[in-house]
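Beneath this line is the structure, given in structure tokens, with notes to follow.
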Amino acid sequence: MRPLPRRTLTKSNAQFQRAVKKLPLGVSSTFRYWGDDRTIYVDHGKGGRTWDIDGNNYVDYRLGYGPAILGYADDRVDAAARRGMEVGGVFALSTERELIVAERISKMVPAAELVRFSNSGTEAVMAALRLARAYTGRESYLLVEGGYHGLFDAAMWMSNMDEWELGSNRDPDLVPYGKGIPHTIKKLAHITPMNDFERLEDMFRKHGDSFAAMLIEPIQGNCCSIMASPDYVKLARELCTKYGVMLIIDEVKSGFRVGKSGIQGVLGVTPDITTFAKAVGNGYPISVVAGREDVMRMFRYGGASHGGTYTAHSVSLAAAEECLRILDETPALETLANYGERLMAGMSEILNARGIVHSYSGHPSMFGLFFAETPPDNYRAWKTSDYSFYDKMAYFLHDLGIIVEPDSREPWFMCEAHGLDATCLTDTLKAVEAAVDLTLDHFEAEAKRA
Ligand code: PMP
């Protein structure tokens with residue numbers, strides 16, 4: 083047995099004990115709680131790395147769930163944000179920069195004929211669904227299993243895969259993400275398994291006339307980066323057109339990351355409405371709802387409501403202007419995708435040397451790692467992978483200076499800074515090798531005990 087890695091978390095642990103008295107679970111978002119003695123508090127981030135308050139340094143592949151597309155505290159974007167600060171914040175009036183950023187978005191994403199800004203992914207998708215309902219005069223909507231679209235009530239429905247048995251011919255139950263979500267909404271929500279063509283056609287045949295929208299994340303940023311096949315999204319496009327349903331492609335995670343025009347550009351499918359958030363401003367809070375002109379014009383007096391006190395805040399907007407300029411005009415996206423390729427190849431070498439069957443899904447800029455021969459093509463197939471191996475490996479990686487999500491359903495995110503700092507790759511691969519061996523030891527010891 084190899085010795086377990088040691089990491090000092092004395093200060094984080096003490097901070098947790100103080101924080102939990104004031105903040106539920108000691109954090110500001112439930113997913114930041116990693117246990118009483120493993121919740122870490124950040125001192126700062128720079129490039130592809132994060133430092134906690136104990137001085138531990140991590141190569142970070144969560145990147146705040148994706149926003150830091152260039153890297154933390156990017157000098158170019160931060161300088162722009164400072165210029166935005168001088169503008170004065172929010173005025174309940176518009177500034178000229180809104181048009182500049184909107185034009186950049188339309189140039190990069192052809193489906194974004196018209197653009198509105200919001201502050202978070204949740205707000206943007208909420209606006210998109212409202213817009214679809216306003217345009218179609220319908221209320222129900224279709225979700226895809228494994229997708230996540232934010233914290234508003236209509237989006238907080240999922241297939242209960244934890245209590246679903248692999249191979250079962252019964253569908254998993256549609257359940258709310260947690261308490262406090264009104265059950266009355268359930269009758270409006272429908273859900274279908276990704277990449278199942280027949281089920282999709284059947285769903286539209288039965289309910290298509292009542293759908294305002296179909297929401298899809300063609301690369302599931304909250305479910306191992308499972309990919310929709312291009313033909314599946316094309317079928318969704320055809321069916322939406324046929325039944326007068328708004329196709330909403332949610333690119334909150336994939337947008338300005340997997341390509342300049344997002345996953346819709348990669349797949350060659352044009353949505354009616356689309357949403358962006360994370361990578362837009364390299365971490366400054368800004369999101370986008372965009373789409374077809376006649377649909378977007380529903381945002382008007384007497385039409386669909388949209389707005390918000392902090393919408394198009396001068397700091398976020400200036401950050402977005404610079405971040406999108408960099409993504410559009412420089413090879414940043416190639417740099418980070420290339421880094422992702424090298425990281426996957428390096429990890430495969432380590433895993434292959436130990437005979438560990440694995441595969442990747444998604445895109446090199448945001449990929450899922452699976453301990454199964456082929457990557458799953460929908461959420462149900464995720465159950466075929468050995469996610470307990472992943473979970474344990476992630477646990478060791480934290481101790482070894484690598485931040486990945488403890489849950490295998492969250493992909494690994496790359497940033498430009500990873501690709502520009504050679505030590506990120508070497509440090510990561512060293513840690514992965516050690517974590518894999520420790521995980522093997524762990525399961526071997528468990529097997530002996532059993
Ligand atoms: N849609 C997708 C695809 C997301 O990944 C997320 C967040 N992970 C959201 C919507 C909600 O975004 P936010 O957390 O910024 O509200």
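Sequential numbering from 83 applies to the sequence shown in our numbering.
Glycine included, C-beta positions come from ideal geometry on N, C-alpha and C.
Residue interval of the alpha helix (DSSP H) (run including residue i)
i           : result
residue 238 : Where residue 238 is concerned, there is no enclosing alpha helix (DSSP H), given that its DSSP letter is neither H nor E.
residue 208 : 203 to 218
residue 426 : 414 to 435
residue 566 : Shown here, the chain extends from 83 to 532; a query on residue 566 therefore has no answer.
residue 185 : 179 to 190
residue 482 : Counting along the chain, residue 482 falls outside any alpha helix (DSSP H), and DSSP gives it neither H nor E.
residue 532 : No alpha helix (DSSP H) holds residue 532; DSSP gives it neither H nor E.
residue 67  : Here the chain comprises residues numbered 83 to 532, so residue 67 is not present and cannot be evaluated.
Identity of the residues DSSP links to residue i by a beta bridge
i           : result
residue 233 : Paired residues: none, contrary to the question.
residue 316 : The partner list for residue 316 (beta bridge, DSSP) is empty, contrary to what the question assumes.
residue 129 : 154
residue 258 : 239
residue 464 : In the DSSP output, where bridge partners are listed per residue, residue 464 has none listed.
residue 134 : 124
residue 272 : 224
residue 371 : 198 and 357
residue 398 : Note: residue 398 sits in no beta bridge, so no partner.
residue 302 : 308
residue 404 : DSSP lists no partner for residue 404.
residue 444 : 449
residue 338 : BP columns for residue 338 are empty, so no partner.
residue 295 : 223 and 328
residue 495 : 448
For residue j and residue i, the rounded distance between their alpha carbons
i           : j           : result
residue 135 : residue 114 : 15 Å
residue 399 : residue 180 : 7 Å
residue 117 : residue 109 : 11 Å
residue 212 : residue 309 : 26 Å
residue 472 : residue 495 : 16 Å
residue 505 : residue 420 : 15 Å
residue 488 : residue 449 : 15 Å
residue 441 : residue 507 : 19 Å
residue 143 : residue 215 : 36 Å
residue 90  : residue 316 : 51 Å
residue 299 : residue 361 : 15 Å
residue 433 : residue 452 : 11 Å
residue 290 : residue 320 : 12 Å
residue 413 : residue 187 : 17 Å
residue 318 : residue 329 : 8 Å
residue 193 : residue 260 : 34 Å
residue 553 : residue 161 : Nothing can be reported for residue 553: it is not among the residues displayed for the chain, which extend from 83 to 532.
residue 101 : residue 122 : 12 Å
residue 547 : residue 515 : Given that the chain is displayed from residue 83 to residue 532, the structure contains no residue 547 and the question cannot be resolved.
residue 327 : residue 124 : 44 Å
residue 535 : residue 231 : Past the boundaries of the shown model lies residue 535; the chain is included only from 83 to 532, so the question cannot be answered.
residue 224 : residue 252 : 19 Å
residue 501 : residue 415 : 10 Å
residue 184 : residue 139 : 37 Å
residue 305 : residue 210 : 21 Å
residue 283 : residue 250 : 21 Å
residue 238 : residue 337 : 21 Å
residue 99  : residue 92  : 11 Å
residue 430 : residue 436 : 10 Å
residue 64  : residue 379 : Residue 64 lies beyond the residue range present for the chain, which begins at 83 and ends at 532; the question has no answer from this structure.
residue 465 : residue 141 : 28 Å
residue 285 : residue 325 : 11 Å
residue 295 : residue 332 : 12 Å
residue 373 : residue 499 : 31 Å
Contact test: residue i Cβ vs the ligand GDP heavy atom, cutoff 7 Å
i           : result
residue 147 : In the structure shown, the ligand GDP is absent; the only ligands present are the ligand PMP.
Where the beta strand (DSSP E) through residue i begins and ends
i           : result
residue 449 : 448 to 452
residue 159 : It is not in any beta strand (DSSP E) - residue 159 instead sits in the alpha helix (DSSP H) that spans 157 to 169.
residue 72  : Because the chain in this structure spans residues 83 to 532, residue 72 falls outside the shown range and cannot be described.
residue 343 : Note, residue 343: premise wrong, no beta strand (DSSP E); not H, not E.
residue 223 : 222 to 226
residue 198 : 196 to 200
residue 280 : Unbroken run through residue 280 is the alpha helix (DSSP H), 279 to 289; no beta strand (DSSP E).
residue 328 : 328 to 333
Segment contact flag, the region 348 to 361 with the region 421 to 429, C-beta cutoff 8 Å, min 3 pairs: Under the Cβ criterion (8 Å, minimum of three pairs), the region 348 to 361 does not count as touching the region 421 to 429.
Touching by the beta-carbon criterion (3+ pairs, under 8 Å), the region 469 to 483 and the region 96 to 106: Under the 8 Å Cβ criterion, the region 469 to 483 does not count as touching the region 96 to 106, having fewer than three qualifying pairs.
Three-pair Cβ contact test at 8 Å for the region 192 to 206 versus the region 274 to 290: Touching, no.
Three or more C-beta pairs below 8 Å linking the region 382 to 396 and the region 184 to 201: Three or more pairs of CB atoms, one per stretch, sit closer than 8 Å, so the region 382 to 396 contacts the region 184 to 201.
Three-pair Cβ contact test at 8 Å for the region 506 to 524 versus the region 149 to 157: No, they do not touch.
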